[in-house]
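Undergrad:
Residue numbers (my numbering): 71 to 429.
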């Protein structure tokens with residue numbers, strides 16, 4: 071009795087190898103795309119900064135300690151978020167032009183943002199973000215990180231701030247995910263097959279981009295980058311990383327907007343004390359477990375379909391096919407012809423004709 075063979079495993083390309091999805095992959099495309107993206111981002115950021123200075127001078131705005139115009143806490147926060155958000159269209163253009171593939175391949179292996187799966191991931195992020203927020207409020211200094219008494223801003227200012235933050239924060243958080251978990255992961259993945267080698271560089275750069283505050287804050291950001299990158303490859307898209315990042319930032323900025331001068335603080339996650347950083351790591355791992363549980367139930371697409379290679383060249387019409395033994399050269403004496411040739415006929419010489427059989 072023969073034992074049945076196990077079913078073949080899934081075939082296709084994982085998220086970090088999407089640069090090989092089309093036949094237009096070249097080794098230099100990720101490098102050129104990265105250089106062009108960062109160059110364009112630097113130029114656009116400087117232009118935005120110059121416009122802010124000009125507008126501040128025309129409006130007679132006071133100066134911040136760093137010399138920039140002070141438009142007020144909410145406007146300053148919106149401007150800071152815009153500096154990050156402009157990276158989103160630029161990184162999509164990098165995929166389209168030097169990458170020579172669809173911009174949607176940066177969202178997921180399906181070539182688009184999977185909205186239904188994004189909704190499930192947002193639902194999974196509610197509990198971890200709530201736990202982290204509650205922990206932050208219980209720590210000394212509360213959510214704002216200062217030991218001073220906090221004054222409620224009032225419903226009018228709070229609702230206005232929430233409206234502005236609801237527009238800018240999702241784009242800012244998505245831009246960071248598309249740059250780090252998206253472009254950088256796929257750029258490194260164009261050269262390496264291991265998902266871990268593709269995940270680790272972007273996680274280090276993500277933590278470093280927030281500046282150096284405390285060692286624990288850096289570790290918390292590093293863990294977030296690793297887990298978000300791993301979930302991106304494991305689920306085949308950026309939805310899980312975007313959901314957690316957007317909801318976390320919305321709650322953090324919303325809590326800061328609830329108190330007077332809460333949005334004026336320049337502290338980031340890099341400045342987290344060790345209790346808050348440990349809580350951040352724990353809730354990030356909690357979120358990863360919830361997403362994996364949902365993935366087993368809803369089965370998001372993990373691999374991009376492999377692109378079929380070019381068809382084999384047809385044989386010439388007059389070619390003779392032989393079924394050769396393994397390793398045999400064509401025409402080997404013990405090759406077995408694939409089609410039986412007609413029997414050889416010859417004309418016997420005169421006098422050599424055998425007599426016909428008798429009756």
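The beta carbon of each residue, even a glycine, is placed where N, CA and C say it ideally should be.
Does any residue of chain B bring its CB to less than 7 Å from the CB of residue 245?
TA: In summary, chain B is missing from the structure at hand, where a single protein chain is found.
Undergrad: Quick check: the Cα distance between residue 273 and residue 100, rounded to an integer number of angstroms?
TA: Approximately 18 Å between the Cα atoms of the pair.
Undergrad: What would DSSP say about residue 83, mapped onto helix, strand or coil?
TA: Strand.
Undergrad: The alpha helix (DSSP H) that contains residue 357, what's its start and end?
TA: Where residue 357 is concerned, the enclosing alpha helix (DSSP H) stretches over 344 to 368.
Undergrad: Going by the beta-carbon positions, is the gap between residue 144 and residue 234 smaller than 7 Å?
TA: Yes, the Cβ-Cβ distance between residue 144 and residue 234 is below 7 Å.
Undergrad: Between the region 242 to 250 and the region 325 to 336, can you find at least three pairs of beta-carbon atoms closer than 8 Å?
TA: In short, these stretches do not touch, since the Cβ pair count stays below three.
Undergrad: Let me check understanding here. Comparing Cα to Cα, which of 266, 365, 373 lies closest to residue 189?
TA: Closest by alpha carbon: 365.
Undergrad: On the criterion of 16 or more Cβ atoms from any shown chain inside 10 Å, does residue 91 qualify as buried, or is it exposed?
TA: Looking at its Cβ environment, which holds 16 or more other Cβ atoms inside 10 Å, residue 91 is buried.
Undergrad: For residue 350 and residue 290, what's the separation of their Cα atoms in angstroms?
TA: Near 6 Å, if we compare the C-alpha coordinates of residue 290 and residue 350.
Undergrad: Drop a sphere of 10 angstroms on the beta-carbon of residue 264, count the other beta-carbons inside from all chains shown, and report buried for 16 or more, exposed for fewer.
TA: Result: exposed.
Undergrad: So for residue 138, helix, strand or coil by DSSP?
TA: If DSSP states are grouped into helix, strand and coil, residue 138 belongs with coil.
Undergrad: So if DSSP puts residue 133 in a beta bridge, which residue, or which two residues, is it bridged to?
TA: Partner(s): 139.
Undergrad: Alpha carbon to alpha carbon, what distance is there between residue 175 and residue 348?
TA: The alpha-carbon atoms of residue 348 and residue 175 are separated by roughly 34 Å.
Undergrad: Whole angstroms is fine: what's the gap from residue 157's alpha carbon to residue 375's?
TA: Rounded to the nearest angstrom, the two C-alpha atoms are 29 Å apart.
Undergrad: Provide the residue(s) that pair with residue 329 in DSSP beta bridges, ordered along the chain.
TA: Residue 329 pairs with 222.
Undergrad: Label residue 399 either buried or exposed according to how many other C-beta atoms from any shown protein chain fall within 10 Å of its C-beta, with 16 as the threshold for buried.
TA: Its pLDDT being 47, under 50, residue 399 is placed unreliably in this model, and the coordinates cannot settle the point.
Undergrad: Sorted by chain position, which residues of the same chain lie with C-beta nearer than 6 Å to residue 276's C-beta, five sequence neighbours on each side aside?
TA: Excluding sequence neighbours, residue 276 sits near 250, 295.
Undergrad: Taking the C-alpha atoms as reference points, what is the distance between residue 96 and residue 154?
TA: The straight-line gap from Cα to Cα measures roughly 29 Å.
Undergrad: Who pairs with residue 374 in a beta bridge, going by DSSP?
TA: Answer is 83.
Undergrad: Can you check the region 145 to 186 for any alpha helix (DSSP H) of at least 4 residues that lies completely inside it and give the ranges in chain order?
TA: Whole alpha helix (DSSP H) segments, 4+ residues: 157 to 166.
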